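Student: Sending over a structure as structure tokens; questions will come in a sec.
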């Protein structure tokens, strides 16, 4: 057996409402989740100790399983052999980076055993379909079970979490080797170029203004524009594996690509938020393709009001366009201008926004220049 792998008899998987009593089940706000959502979840051995790998990290919060003696709700009993998969929530980016780091354990057991997950959010009542699709794409066919109450399992296979956004390094070399073995065998096409957009996500999600102009300009350079939310996960992965060049609007899609990145590829990320150290460490771990980071944010329109704190981000499109040429993602001819140029000239109030940008701005009236 590999290091970091153990099999426990009569193990306890702590999950569900019994460890989340002070959290309203219909509340999903970040402040509330930060206080209680990860309280008490994880794995305990039959003797009530926490085995190696029995705790974890999800959404910047450390988990530590509640003691068996502190349970105040009758637990379930699973008279079966199973694998502990870890923690799962409803947010795609965190699932991709924080819910699959234990799945290398599947190779360590012979049977097609069920994989047990515990929920980070009380409102989550099923395994998200996109997560099922991701696991099936990398060849994991095991039944997937979301536990919503503390459960005693007759035999539980528990592996170390070898990949997590907040791990240092984010991915262990053993995990990268496993992922390379299970990834679909897709050949890179040097002539296939994709731009991965966020323009259709709507005003509830932080995104760029004028992304439609950037899409059109890149389409003119031979890029296929992809809106990930319109594609199945297998189709997204296939496109990300095939492309010789990829440009991403900063978001969860770039994390999905990083799992399957290849040395023959070149990728660029156009930032909509500061380049956080945790992301630097993540991409350093998955260092298999040349990566260019472009930060040309010049302002953000406020996210006050019913849409909360998510702003709409203003880029200096002319500088983004120049950066893409300098880093080899397009030809060197031509210029792309935008609202930032008008604002520099003092004529921002007269700028004719495109329909999508105007919609974003309708609830975000205040501009804060960086």
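Numbering (my numbering), first residue to last: -10 to 359. Glycine residues also receive a C-beta, built at the ideal position from the N, C-alpha and C atoms. No experiment lies behind these values; they were computed from the predicted model shown.
Does residue 251 come out as helix, strand or coil in the three-state DSSP assignment?
Tutor: It is coil, neither helix nor strand.
Student: With distances taken Cα to Cα, identify the nearest neighbour of residue 207 among 139, 190, 288, 184.
Tutor: 184
Student: Nearest-angstrom Cα distance between residue 155 and residue 251?
Tutor: 23 Å
Student: Residue 287 by DSSP, collapsed to three states: which one?
Tutor: strand
Student: Whose C-alpha, out of -6, 350, 123, is nearest the C-alpha of residue 163?
Tutor: -6
Student: Check whether the segment 172 to 191 touches the segment 143 to 157, counting contact only when three or more Cβ pairs, one atom from each stretch, lie closer than 8 Å.
Tutor: no
Student: Tell me which same chain residues have a C-beta within less than 8 Å of the C-beta of residue 279, skipping the five on either side of it?
Tutor: Residues of the same chain with a CB within less than 8 Å of the CB of residue 279, apart from the 5 flanking positions on each side, are 254, 255, 256 in chain order.
Student: Enumerate in chain order the residues of its own chain whose CB-to-CB distance from residue 96 is below 8 Å, with the five nearest sequence positions on each side excluded.
Tutor: 167
Student: Go through its chain and collect everything with a Cβ distance to residue 328's Cβ below 6 Å, but skip five positions before and after it.
Tutor: Short of 6 Å from the beta carbon of residue 328, and not among the five residues preceding or following it, lie these beta carbons of its own chain, in chain order: 340.
Student: Got a sec? Which residues, its chain only, sit under 8 Å from residue 100 by beta carbon, not counting five neighbours each side?
Tutor: 70, listed in sequence order.
Student: In whole angstroms, what is the alpha-carbon distance linking residue 317 and residue 37?
Tutor: 57 Å
Student: According to DSSP, which residues form a beta bridge with residue 196?
Tutor: BP columns for residue 196 point to 301.
Student: Taking the straight line between their C-alpha atoms, what separation do you get for residue 114 and residue 121?
Tutor: 14 Å
Student: By Cβ distance, which residues of its chain are closer than 6 Å to residue 161, with the 5 residues on each side in sequence left out?
Tutor: 151
Student: Can you grab the Cα-Cα spacing for the pair residue 201 / residue 345, in whole Å?
Tutor: 8 Å
Student: If you drop the 5 nearest sequence neighbours on each side, which residues of the same chain put their C-beta closer than 7 Å to that of residue 267?
Tutor: 154, 155
Student: Quick one, are the C-beta atoms of residue 446 and residue 285 less than 9 Å apart?
Tutor: Residue 446 lies beyond the residue range present for the chain, which begins at -10 and ends at 359; the question has no answer from this structure.
Student: Given a cut-off of 9 Å on the beta-carbon distance, is the pair residue 67 and residue 140 in contact?
Tutor: yes
Student: Identify the continuous alpha helix (DSSP H) that holds residue 266 and give its terminal residues.
Tutor: 266 to 274
Student: Hey, which unbroken runs of the alpha helix (DSSP H) at 4 residues or more fall wholly within the segment 151 to 226?
Tutor: 162 to 171, 200 to 209
Student: Using the C-alpha atoms, what's the distance from residue 283 back to residue 263?
Tutor: 11 Å
Student: Given a cut-off of 9 Å on the beta-carbon distance, is the pair residue 182 and residue 233 in contact?
Tutor: yes
Student: Is residue 340 helix, strand or coil by DSSP?
Tutor: coil
Student: Are the CB atoms of residue 239 and residue 259 within a distance shorter than 9 Å?
Tutor: yes
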